[in-house]
Structure formats: C-alpha cells, structure tokens
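Below is one structure, written out as structure tokens; the observations come after it.
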Amino acid sequence: MADLEFRDVHKSFGAVRALGGVSFAVREGETHACVGENGAGKSTLLKIVAGILRADRGEILWRGAPLRVGSPHDALAVTDRVGRLDEPAMRSRAAALLDELHVPVSADRRMEHLSPAHVQLVQVARALAFDCRVLVLDEPTTSLTDAEATQLFGVLAALKARGVTILFVSHRLPEVFRLCDRITVLRDGHHIATFDREAATVDQVVRAMVGREPPGHVPRERPAGDARPALSVRDLVRRPRVNGVSFDVAAGEIVGVFGLVGSGRTELVETIFGLARPDAGSVDVHGHRLAPGAPASAIRSGVALVPEDRQRQGLFFNLSLGDNLALPGAALVSHRLIRRREERDGAASQIAALSIKAPGLQVTPDRLSGGNQQKVVVGKWLGIAPRVLLLDEPTKGVDIGAKYEIHNIIRREASRGMACLVASSDLPEVLALADRILVVRDGRLRGELSAVEADEERVMRLAAAPAEGPA
Amino acid sequence: MRRFWHTRELSTVAILALEAIVFTWYLWPEGGRAHPFLNGPNGLLILKYSSIYGIAAIGAAIVIISGGIDLAPGAVIALTSVVTGHLFVKSGWPLAPSVAAGLLTGAAAGLVSSWLIVRVGLPPFIATLGVMGIARGVAFIITEARYYDLSRTIPPGSRLLGVPVDWVAPVVMIAAACVFQFLMKRFQWGRAVFAIGGNETAAVFTGIAVGRVKTSVYVVAGLLASVSGIVLAVAQGQGKADLATGYELDIIASAVVGGASLAGGRGSVVGAVLGALIFGVLRNALPQIPGATFYDRLIVGLVVIVIVVLDQVLVRHER
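In order, the protein sequence lines correspond to chains A and B. The first sequence begins at 1 in our numbering and counts up by one. The second sequence begins at 472 in our numbering and counts up by one.
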C-alpha cells in the first residue's frame, strides 16, 4: 500500500521550472531514495512535503487522502531543524530514546556543543519522540565523516525495523544502495525511473540521472609545435602555504595539480595569477616575466584564472550576463568607452560556444543554475583568448552533466594550443582530464605522474602520506 | 515597454511629480491670488537650493554604488567656501583661480579619504567621519569665526560665463548629472564602480584596479562636494565655516531615495539628482503650509523611509 504518493506535482520559481509533473509512490515501511543531479528538483519536492513550499499543481496523497500541509508546523517530521532535548521534564524520555537508538549522546548536552553528526542523530531521534510514521531526510550525510554516516545508517535501520517509512534524498549513490529498498531518479524536474535496489546497478542509476553515457578518460591528441613552455614557474614561495614550487606547462597541455584541502593548491594558482605577492620565485609566460602581485599584468600577458568559489570570486550578481562576460576584457583594452556591439557579439559567441543556458544577455547570474554559472566564469575568461588558463576546482558543486561539458571545454581549448593548469581536490576529475599530474602536499610538489602511470592509489599515496616522503 | 516602466529613475520621477501635484493642489490660493508654490521664481528657488544638495548627491551616489559611504561632503562644502572666499576676498585673487583652489581642496579631501580607505584599510564610514572633522576644523582655523562676504564682489543679477548667477547652480547640476550618468553607464570606469560595489573580491579576481577606481570615486565625490560649496557660497554670498552643517545626511538621503543601495552595486546618478529635487520641493513647500513649520523634519524623515521601503517592495516583486 502506498504510504505517500506524489501525483503530477508542479512547481516553478518565476521562469525556472523546478518540478514539471512528478508522480511516484513510497510504500509503507520501505526506505525510498530520491536521487538526481543538482537542480533535478529533489529538494523542492521535499520542501513541498514539509509545507515550506506550496505546489503549483498536483497533489500529495497520504494513505490515499490528500495531504494538506499549510506550514512546516503541520508537516511530517522533517529533520531539517535543530531541536533541543534539554528540558528537564523530557530528560528521561530523551535518554531512553537516545539509548534505544544507540545514539552516544547524553540527554543533558546542549545542541550547540554537539558535532554535526550527533546533531543529525539527535534530530532523527526527535522524530521518534512524537512517534512519526514517515521520516524525510535531505542529504543527511553531507557534513558527516564515513564513520559518522555509518552510525546514522544504524539509527535509520533501527527506525526501519520499527516500521517507519523513510524518504531519503541524496546524491551519494553508495549510501543510497546501502540503505534503500527502492530508488527514484529525478532529472530536470521530471520523474525518470524508479528502481528496485536488487534489480538495479549503479551504472543504470547514473545513466538515468545524467541522461547519457558517462564518458571516462578521453585519450587526447596533443597539438605538436612549440616545445618551449607556455607557463614556467620557478621556486615560487608564498609563505606559509607555497614553499618552493617549480614546474612548466607546455602549450596545448593539460596539467593537473592534485592536493587535498590545505595542501597549498589554491594558494599556488592564486600566487601564479598575482593575487598574492610571492615571497620568492618567478612566473614566466612564453618567456615574459610577470610582474609579481599584479593580476592585471598576468591578464595582459594572457593568463586567466577560473577561481575556486564562483559566487564569491567569479560573478557579479548586480551586473548582467553580458557585463559579467565582458569585464575581464576591460583590463586589456585601451579604449575607455564601452563598445556595446562588440561586447554583445563576444558574449553571445561565448554563450553559444559553451552552450550556456540563459534567458538572455540582460539577466543577472542568479537566474542561472550552478553549472551554467560556472560556465559563465569559464566563458568570461575564454573571451580574452588567454594563452594560459588556470582553473581551481573548475567543477565544484556543479552537476554531472555540466561537469562533463566543462571538461570537454577544457580539452577543446587545450587542443587549440592553450596551456591549462587544473588544480583540483577531485581525484577522478584530475585523472580524467590531465595529461600529467602534479601532486602537492604542504606547499611542495611531491611527485609527478603521467596520465598513463597515474591511478587513484598512486596519486593519493603521494598526496596524503607524509611518512613515505617524496617520490 | 516593461523594461521602461521598471527603470528605477522613472519611479523617482513619478514620486517627484506626485509631490508637485499634491502641493500645487494643497496650496491653491483663494480668490485669484498668485500661487505661492507654482510660480516661476519659486521654481527657480527650488532648483537653486536643490542643486547644492544635488551636485554633491551625484558624488554620494557614486560612492554608495562602489560599496562605500562618504560623510564628508557637508564639511567639504564649508571648507571650499572658506578657501575660495579667503583667496578671493582676503587675498584678492581673481575669481577663476580662487574657484580652482576651492575645487582642489575638495579633491584633496577625497584623496585623503581614499588613502585612508585603500591604503590604511579603514572602513569608509570611519575614514570619512575623520575627514569630515578635519575639513570642518580647518575651515574654522582659517576663518577664526569670521566669514567672507562674497555678495559685494558677485552682486545678485550678474552673469557668469553668460549665465545669470541664479541659474549657475541648476545648470552645473544638470551638466554634472549628464556627464556622470554617461560615465557610469557607458564607460569602463563606471562599470568597474558597479562591479566593485557588487562584489569587490570578484573585482580583484577579474583584474580590475580596485584601489585606483576607489581612489577616483572618492576624489570625484570630494570634487563634486566642492562644486556644491562654490555654488552655495555664491548663492548665500558668503564663505563660512559653519555652512552646510548636517548636509551630509541629506545628501546621502538624496542618493538613497534616488535608488542607491547602501549594500553597494546599485544606484543611479540621475536618481540622486531627482532625490535632491524631491527634498528640495518638500523643504520649499512645507513651510508654506500653515502650522506645518514644526513638522517638516519629521515629514522629510518619513518620506525617506516610505520611498526606500516602497523601492524594496518593488525590487522583491520583480524577482
């Protein structure tokens, strides 16, 4: 019997359609996963269940009767809010609940002193406190370590054994396969498929999420020609995070810089671009020495940086898409007057070349999805036709589809002779993209691997294990 | 057409027109006497006194768009009037170099503000608060509680470069509004100002010379404030250290009512001028309403709040 049934649910935000008619059912007592890329509509769906948003059209049935949720107050248990269990009257009940679920938290602790993992566990326990029948979780493991996630899953298994229906939203497939009985895939606001876990494979689910075959490492032909390095970094020091780094990147080459968080990866590319003044060392582009600590000089020499954080470092949300795409050019041109027609043509060609989905050049970037925003940041730099392109986490927080598109853009630009330096903490990304991988740890290069010899284990060993020393 | 109606300046024009209509109706005289509000000389008076705020408000709008704030314009107006008055009246300089020296004083005040902000790293509020005190203080030191009488050398009814002296202020305001509207909308410089106000970190990452642009913004604001100072000195016929006390807040209010967002990245030069006119009309008409004398500051305060709230509601509605 269906416990919770979605029937043709629609929801739009202005011109952006988040849900375009979603129908599926969650059976009583099952653990049901809802998966999809960023922007697929998962969170919107949950917010409608919880009463935070109202559907434009369609309905949600609760045991056959329409579910009327006016506000979050009326809703089912949504473990989205931090609760408090420290009122004295509730103490013994809370302690019993926490104990029953094997949550290793004392009922007397204040929530603000708990780790994110324990906060999650307490929230789930709270759901039990009022005997909930359906538990909805939105990406509950994003801030948890593996061990903490395991603990959460233990609690969820206990709930499931008590007959609680669980609707679980995630984009982490391994945990979905571990926990859920059935898996519903959403894409672009539509229901694509619902799989039984026993009958489904990870590949099937990924294909349903992406809508196409995921490409692996693409063998790439490097353009022959100029053997001299396009980018040449020598003994670069920016204390405390960059401690003497030297390497070259040839024209047409994609070099990956892999490093874990805190390895000095970001500081390295930012120092190359001139955002930080180096304490020592030099950067040459096609034999021309860059002025230290001057991004404008780097730009004039043909260097561009796609920064790590597009919202904070890449985009102007008060300016139109056209202005955003045209701004880097201002550092290059001598004329003071804005040439509207020239800029419009340039922006339109970037939008076409990168297939940026936008309702027009006049809109502000907040109207775009994360993947398209990232393509705008890439496009604003490709517009000045740089000879050296530095990218820091170029696909952070974008969905799988946009990720492949951005990878293909990087490959295409490299094949046209651009020297690309891709700094990333996303190992599969570095392996898929780079011709050569430099591994950074503690601000130094710990090794260099060619695409042929690199695999996850070798790269990770260089990046993570200080005891084994540099290769 | 939709875009046209959504232009922020247009709603400011509408408010100004509404205001003029309300006062014209409310102050309509009985028995064929002359209208106290709707007449040529009064219109010129409103324009003249609005210009003093309006010219400085152009600079204030640009500073606010860049994400900053300038508290110095009132004091810069006074200092300029004193410097120009001192050189012209006391030292017997010709008019042109005296005015030029006054304008340089304003630019220098802006340069000091920008140095404190860009190089020393002070928040704009603190830096310009300091410069406000310094400028006012220097004005008092120069005058030693005297004032310079300019009315004897620039008599009312004379002409400056062919423009009647009463018309100089409005003409300068309109010219400055046109020039800076164009600079802000069509020049790389103006777009850089919007970019810095919208997201300063991204501006640095995009290779915009943030320090240089910010410096130019405060110098422009200082320069425009000193233009206001010259205009006020000529209008009142004197250079005085306690001139334009408290004007900075009216100037900022004009820019804000004209659509400038204190969060930065949003605003308009033309809007700031219209904002100054909105206040000019209020200040002119309210005292003519019997019994309203003690209410005019209150009403001005309410108008600021109502217009800005209305603006935010409209912005939210558009989203």
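For glycine and all other residues, C-beta sits at the position ideal for the given N, C-alpha and C.
- Message: At a CB distance below 7 Å, what residues from the segment 604 to 615 of chain B approach chain A? Give them in sequence order.
- Response: Answer in chain order: no residues at all.
- Within the segment 525 to 570 of chain B, ranges of the beta strand (DSSP E) (whole runs, at least 3 residues): Runs of beta strand (DSSP E) with 3 or more residues, each lying fully within the segment 525 to 570 of chain B, are absent.
- In whole angstroms, what separates the C-alpha of glutamine 652(B) from that of valine 741(B)? By one-based count along the second sequence, residue 652(B) stands at place 181. By one-based count along the second sequence, residue 741(B) stands at place 270. When rounded, the distance between both Cα atoms is 7 Å.
- Message: Against glycine 322(A), what residues of chain B qualify as contacts under a CB-to-CB distance less than 9 Å, listed in chain order?
- Response: Within the first sequence, the letter at position 322 stands for residue 322(A). None at all; the shortest Cβ gap to chain B is about 11 Å.
- Query: By Cβ distance, which residues of its chain are closer than 7 Å to histidine 10(A), with the 5 residues on each side in sequence left out?
  - Reply: As a first step, residue 10(A) must be located in the first sequence, where it is residue number 10. Excluding positions up to five away in sequence, the list reads Leu19, Gly20, Gly21, Ala55, Asp56, Arg57 and Gly58.
- Query: Between asparagine 670(B) and chain A, is there a C-beta pair that is closer than 8 Å?
  - Reply: Residue 670(B) sits at position 199 when you count from the first residue of the second sequence. For asparagine 670(B), at least one C-beta of chain A is nearer than 8 Å to its own C-beta.
- Coarse secondary structure for threonine 150(A), derived from DSSP in three states: Here residue 150(A) refers to the residue found at position 150 of the first sequence. Helix at threonine 150(A).
- Message: Let me see if you follow: with CB-CB separation under 8 Å, is leucine 315(A) close to chain B or not?
- Response: As a first step, residue 315(A) is located in the first sequence; it is residue number 315 there, counting from the start. Closer than 8 Å: yes.
- Message: Cutting at 8 Å between CB atoms, please list the residues of its own chain near isoleucine 701(B), excluding the five before and the five after it.
- Response: Stepping through the second sequence from its first residue, residue 701(B) is reached at position 230. The answer, listed in chain order, is Thr551, Ser552, Thr555, Val570, Gly573 and Leu574.
- Among Asp188(A), Val164(A) and Gly262(A), which residue has its Cα nearest to the Cα of cysteine 180(A)? The residue you call residue 180(A) lines up with position 180 of the first sequence. Answer by Cα proximity: Val164(A).
- Decide yes or no for the touch test of the segment 575 to 583 of chain B against the segment 679 to 694 of chain B: beta carbon pairs closer than 8 Å, at least 3 of them. Yes: the two stretches touch, three or more of their Cβ pairs being nearer than 8 Å.
- Query: Skipping 5 residues on each side, what residues in its chain have a beta carbon closer than 8 Å to that of glutamate 413(A)?
  - Reply: Indexing the first sequence from 1 puts residue 413(A) at position 413. Around glutamate 413(A): Leu382, Leu389 and Cys420.
- Task: Report yes or no: is there a C-beta of chain A within less than 8 Å of the C-beta of phenylalanine 651(B)?
- Result: Numbered from its first residue, the second sequence carries residue 651(B) at position 180. So no, phenylalanine 651(B) is outside the interface.
- For valine 452(A), I'd like the list of residues in its chain whose CB is within less than 8 Å of its CB, leaving aside the five on either flank, ordered along the chain. Numbered from 1 along the first sequence, position 452 holds the residue referred to as residue 452(A). Excluding residues within five positions, none has a Cβ falling inside 8 Å.
- Query: What does glycine 678(B) touch in chain A if you count any residue whose Cβ is under 7 Å from its own?
  - Reply: Within the second sequence, numbered from 1, the residue matching residue 678(B) stands at position 207. By Cβ distance, chain A contributes Pro295, Ala296, Ile299, Pro328 and Ala331.
- Item | CB contact flag (valine 249(A), alanine 276(A), <8 Å) | Against the first sequence, residue 249(A) aligns to sequence position 249. Against the first sequence, residue 276(A) aligns to sequence position 276. With contacts defined by Cβ atoms closer than 8 Å, valine 249(A) and alanine 276(A) do not form a contacting pair.
- Query: Could one say the Cβ of leucine 337(A) lies closer than 8 Å to chain B's Cβ atoms, at least one of them?
  - Reply: On the first sequence, position 337 is the one that residue 337(A) refers to. Closer than 8 Å: yes.
- Rounded distance between the beta-carbons of proline 328(A) and isoleucine 299(A), thought under 8 Å: Numbered from its first residue, the first sequence carries residue 299(A) at position 299. Numbered from its first residue, the first sequence carries residue 328(A) at position 328. Yes, they are in contact, since the Cβ atoms of isoleucine 299(A) and proline 328(A) sit about 7 Å apart, within 8 Å.
- Message: By the three-class DSSP mapping on this structure, what secondary structure does arginine 84(A) have?
- Response: Here residue 84(A) refers to the residue found at position 84 when the first sequence is read from its first residue. Any reading at arginine 84(A) must be qualified, since the residue scores a pLDDT of 43, below 50, and its modelled position is unreliable; the value itself is stated next. Of the three classes helix, strand and coil, the one that applies to arginine 84(A) here is coil, per DSSP.
- Message: Rounded to the nearest angstrom, what separates isoleucine 406(A) and phenylalanine 168(A) at their Cα positions?
- Response: Here the question's residue 406(A) lines up with position 406 in the first sequence. Here the question's residue 168(A) lines up with position 168 in the first sequence. Distance from the CA of isoleucine 406(A) to the CA of phenylalanine 168(A), rounded to the nearest whole angstrom, comes to 29 Å.
- Query: Taking the C-alpha atoms as reference points, what is the distance between arginine 110(A) and alanine 94(A)?
  - Reply: To locate residue 110(A), count along the first sequence from 1; it is residue 110. To locate residue 94(A), count along the first sequence from 1; it is residue 94. Those two C-alpha atoms are separated by around 13 Å.
- Task: Run down chain A in chain order and give the residues with a C-beta less than 7 Å from the C-beta of tryptophan 660(B).
- Result: For this step, residue 660(B) is matched to residue 189 along the second sequence. Think of a sphere of 7 Å around the beta carbon of tryptophan 660(B): the chain A residues whose beta carbon falls inside it are Arg336, in chain order.
- Message: Quick check: is the beta carbon of arginine 754(B) nearer than 8 Å to any beta carbon in chain A?
- Response: In the second sequence, residue 754(B) corresponds to position 283, counting from 1. With 8 Å as the cut-off, arginine 754(B) does not count as an interface residue toward chain A.
- Query: Among all the DSSP beta bridges, which residues are the ones paired with glutamate 175(A)?
  - Reply: Numbered from its first residue, the first sequence carries residue 175(A) at position 175. DSSP lists no partner for glutamate 175(A).
- Item | Proximity below 8 Å, CB of threonine 271(A) to CB of serine 320(A) | As a position in the first sequence, residue 271(A) is number 271, starting the count at 1. As a position in the first sequence, residue 320(A) is number 320, starting the count at 1. Not a contact, by the Cβ cut-off of 8 Å.
- DSSP three-state call for phenylalanine 765(B): helix, strand or coil? For this step, residue 765(B) is matched to residue 294 along the second sequence. DSSP places phenylalanine 765(B) in the helix class (H, G or I) of the three-state scheme.
- Task: At 8 Å on the CB atoms, spell out the chain B contacts of arginine 312(A), in chain order.
- Result: Sequence index remark: in the first sequence, residue 312(A) carries index 312 (1-based). Going along chain B in sequence order, the residues near arginine 312(A) (Cβ under 8 Å) are Asn670, Thr672 and Ala673.
- Look at the Cβ atom of isoleucine 529(B), then the Cβ atom of valine 744(B), and state whether they are nearer than 8 Å. In the second sequence, the residue the question calls residue 529(B) occupies position 58. In the second sequence, the residue the question calls residue 744(B) occupies position 273. The Cβ-Cβ distance between isoleucine 529(B) and valine 744(B) falls below 8 Å.
- Task: Out of Gly64(A), Asp323(A) and Arg387(A), state which residue places its alpha-carbon closest to the alpha-carbon of glycine 287(A).
- Result: As a first step, residue 287(A) is located in the first sequence; it is residue number 287 there, counting from the start. Nearest option by C-alpha distance: Arg387(A).
- Query: Which residues in chain A sit within 7 Å of glycine 736(B), going by Cβ to Cβ distance?
  - Reply: For this step, residue 736(B) is matched to residue 265 along the second sequence. By Cβ distance, chain A contributes Asn318.
- Query: Are the C-beta atoms of alanine 731(B) and some chain A residue less than 8 Å apart?
  - Reply: Locating residue 731(B) in the second sequence gives position 260, where the first residue counts as 1. So, not an interface residue.
- Query: So what does glutamate 139(A) bridge to, in DSSP terms?
  - Reply: Counted from its first residue, the first sequence places residue 139(A) at position 139. Paired residue(s): none; glutamate 139(A) is not in a bridge.
- Message: Rounding to the nearest angstrom, what Cα-Cα distance links histidine 191(A) and arginine 657(B) in this structure?
- Response: Here residue 191(A) is taken as the residue at index 191 of the first sequence, counted from 1. Here residue 657(B) is taken as the residue at index 186 of the second sequence, counted from 1. Rounded to the nearest angstrom, the two C-alpha atoms are 47 Å apart.
- Quick one: does leucine 236(A) have its CB under 8 Å from some CB of chain B? Against the first sequence, residue 236(A) aligns to sequence position 236. No - not a single Cβ of chain B is within 8 Å of the one on leucine 236(A).
- What does phenylalanine 665(B) touch in chain A if you count any residue whose Cβ is under 9 Å from its own? In the second sequence, residue 665(B) corresponds to position 194, counting from 1. Taking the beta carbon of phenylalanine 665(B) as reference, the chain A residues within 9 Å of it are Phe316, Asn318, Leu319 and Asp323, listed in sequence order.
- Should leucine 305(A) be flagged as near chain B, meaning a C-beta pair shorter than 8 Å? Residue mapping note: residue 305(A) aligns to position 305 of the first sequence, counting from 1. At least one beta carbon of chain B lies nearer than 8 Å to the beta carbon of leucine 305(A).
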